[in-house]
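Notes to accompany the following structure.
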Amino acid sequence: MFSDYIEKISWDETTERIYSKTASDVEAALRKQHQDVDDFMALISPAAAPYIEHMAELSRKITRERFGNTISMFIPLYLTNSCANSCVYCGFHVSNPMKRTVLTEDEIINEYKAIKKLAPFENILLLTGENPVVAGVPYLKRALDLAKPYFSNLKLEVMPLKAEEYAELKEHGLYGVICFQETYNKANYKIYHPRGMKSKYEWRVNSFDRMGQAGLHYIGMGVLIGLEEWRTDVTMLAYHLRYLEKTYWKTKFSVNFPRMRAAENGGFQPNVIMSDRELAQLTFAMRIFDHDVDISYSTREAPAFRDNMATLGVTTMSAESKTEPGGYYSYPQALEQFHVSDERTAKEVIAALKAKGLEPVFKDWEHVLD
Ligand code: SF4
Numbered sequence: 010m011f012s013d014y015i016e017k018i019s020w021d022e023t024t025e026r027i028y029s030k031t032a033s034d035v036e037a038a039l040r041k042q043h044q045d046v047d048d049f050m051a052l053i054s055p056a057a058a059p060y061i062e063h064m065a066e067l068s069r070k071i072t073r074e075r076f077g078n079t080i081s082m083f084i085p086l087y088l089t090n091s092c093a094n095s096c097v098y099c100g101f102h103v104s105n106p107m108k109r110t111v112l113t114e115d116e117i118i119n120e121y122k123a124i125k126k127l128a129p130f131e132n133i134l135l136l137t138g139e140n141p142v143v144a145g146v147p148y149l150k151r152a153l154d155l156a157k158p159y160f161s162n163l164k165l166e167v168m169p170l171k172a173e174e175y176a177e178l179k180e181h182g183l184y185g186v187i188c189f190q191e192t193y194n195k196a197n198y199k200i201y202h203p204r205g206m207k208s209k210y211e212w213r214v215n216s217f218d219r220m221g222q223a224g225l226h227y228i229g230m231g232v233l234i235g236l237e238e239w240r241t242d243v244t245m246l247a248y249h250l251r252y253l254e255k256t257y258w259k260t261k262f263s264v265n266f267p268r269m270r271a272a273e274n275g276g277f278q279p280n281v282i283m284s285d286r287e288l289a290q291l292t293f294a295m296r297i298f299d300h301d302v303d304i305s306y307s308t309r310e311a312p313a314f315r316d317n318m319a320t321l322g323v324t325t326m327s328a329e330s331k332t333e334p335g336g337y338y339s340y341p342q343a344l345e346q347f348h349v350s351d352e353r354t355a356k357e358v359i360a361a362l363k364a365k366g367l368e369p370v371f372k373d374w375e376h377v378l379d
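Just so we're aligned: 333 in the numbering used here is position 324 of the sequence shown, and the numbers increase by one with no gaps anywhere.
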């Protein structure tokens, strides 16, 4: 399990190693055919900042060779904002006295139909807060069953589950799972996640192993930028990604680096700010480190930045996302998890990507192939 692996890696020493990287370490990393985590540290370090143009070109070249001109399009759908956890940076936390919505079967179908009117989305990501009492495995199974007539690629972003539960959901059409570790800093993890199942670091960090054991086709990972020193966090993610790719080599992986936005609880201010330039550097570094991983950008990022990064390393994007349950069919009373930055319609996003010479792809999976 990855918790045993990461136990041997010191957070502080890793931070020190990243910040001690020099220009010659960066140049050596850029010359290599196959980069290891030490090279990745050099590429995300401040020493690599002057090399960003070169990294962008290399990232663009690798991405086009591996993925062609395609951008895989997906849409998120929040099934509920009910949550038993108390993440200090999220408006859905259990102590927030807000109205909770759990979509009924009819409401879920209305959402599916409303999404199909936006664009020919086939790749849907169903999200919940983490409350197994109201949105546990039976609810998720039903949501997947209801989605099948409308979408060919079904993914979930829900509470970490047991391996047998992932396997059960796979029987209901589940293709992949996205989960964010949020931060790999074990010493501080509980400060941000004080209560509920999410406060259990090992349970979360080992959920990726359980997904692999269940034979899921696709596993998405990420850290939340804004909690801890981001360079150290993404290095831990790089270790994790390499470990998973070696252990579960049949599975495809994706990464995402969401930058924290203000939540509706009005409270938490990010501890760390990452600039656009730093996110670009990280994206290029990840592509150079891992030629095959999907790099996903959500509508948290601004339109012009997303459009540019789509030509330089990003391979998966959402569009016209609503982050409140019922938001597509329009149940406007529900609280959104965070406010999106790219508010364009899906059609506008598609047109912008095409204008950049890219081909937005809506269907890249067929269940008959399973
Ligand atoms: S981040 Fe997720 S688990 Fe944490 S409070 Fe928000 S919805 Fe719940």
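Cβ atoms here follow ideal geometry from the backbone N, Cα and C, with glycine treated the same way.
The ligand SF4 heavy atom lying under 6 Å from the CB of residue i
i: K255; result: no
i: E173; result: no
i: C92; result: yes
i: G138; result: yes
i: F266; result: no
i: H102; result: yes
i: K125; result: no
i: C99; result: yes
i: K207; result: yes
i: C188; result: no
Supposed close pair residue i, residue j - CB separation, criterion 8 Å
i: G366; j: N94; result: About 42 Å separates the two Cβ atoms, so there is no contact after all.
i: Q190; j: R213; result: 6 Å
i: L88; j: A156; result: That pair is no contact at about 10 Å.
i: P85; j: L163; result: Contact flag wrong, Cβ pair sits at about 12 Å.
i: Y210; j: Y198; result: 5 Å
i: L39; j: L67; result: 7 Å
i: E166; j: I187; result: 4 Å
i: P312; j: R353; result: 6 Å
i: N280; j: S307; result: About 21 Å separates the two Cβ atoms, so there is no contact after all.
i: G205; j: V103; result: 7 Å
i: S161; j: K372; result: 6 Å
i: I297; j: M64; result: 7 Å
i: K207; j: E139; result: 6 Å
i: T256; j: G221; result: 6 Å
i: W239; j: M283; result: 5 Å
i: L183; j: V146; result: L183 to V146, Cβ: 11 Å. No contact.
i: L250; j: D299; result: 7 Å
i: K126; j: Y159; result: Not a contact, Cβ separation roughly 11 Å.
i: T260; j: S81; result: Wrong, their Cβ atoms sit about 16 Å apart, outside the cutoff.
i: A172; j: A123; result: About 34 Å; that fails the 8 Å criterion.
i: D2; j: T192; result: Outside the displayed range of the chain (10 to 379) lies residue 2, so it cannot be described from this structure.
i: E310; j: S350; result: 6 Å
i: L136; j: L178; result: At roughly 14 Å, the Cβ-Cβ gap does not stay under 8 Å, so L136 and L178 are not in contact.
i: P334; j: N119; result: The pair is not a contact, with the Cβ atoms about 11 Å apart (cut-off 8 Å).
i: G185; j: Y227; result: 3 Å
Those residues which DSSP pairs with residue i across a bridge
i: V264; result: M230 and I304
i: I133; result: I84 and L163
i: E368; result: T79
Residue i CB to nearest heavy atom of the ligand HEM below 6 Å
i: L127; result: Although the ligand HEM was asked about, the structure shown includes only the ligand SF4 as ligands.
- Item | Within the stretch 78-123, ranges of the beta strand (DSSP E) (whole runs, at least 3 residues) | Runs of the beta strand (DSSP E) inside the stretch 78-123: 79-89.
- Task: Please confirm if the stretch 353-362 is in contact with the stretch 319-328, defined as three or more CB-CB distances below 8 Å between the two stretches.
- Result: Output reads yes: the stretch 319-328 touches the stretch 353-362.
- Query: Would you say the stretch 51-62 touches the stretch 299-308, given that touching needs at least three Cβ pairs under 8 Å?
  - Reply: Contact between the stretch 51-62 and the stretch 299-308 is absent: fewer than three C-beta pairs spanning the two stretches fall below 8 Å.
- Mind the definition here: the stretch 285-292 touches the stretch 96-110 only if three or more C-beta pairs lie below 8 Å; say whether that holds. By the Cβ test, the stretch 285-292 is not in contact with the stretch 96-110, since fewer than three Cβ pairs between them sit closer than 8 Å.
- Message: Could you tell me which whole beta strand (DSSP E) segments of length 3 or greater appear in the stretch 135-198?
- Response: Counting only runs of 3 or more, we get 162-166 and 183-187.
- the stretch 11-31 / the stretch 47-58 touching (three or more Cβ pairs under 8 Å): Touching, yes, given that three or more Cβ pairs across the two stretches are closer than 8 Å.
- Message: In chain order, what are the residue ranges of uninterrupted alpha helix (DSSP H) at least 4 long that sit wholly in the stretch 282-340?
- Response: Given a length threshold of 4 residues, each whole run of the alpha helix (DSSP H) inside the stretch 282-340 is given here in chain order: 285-298 and 312-318.
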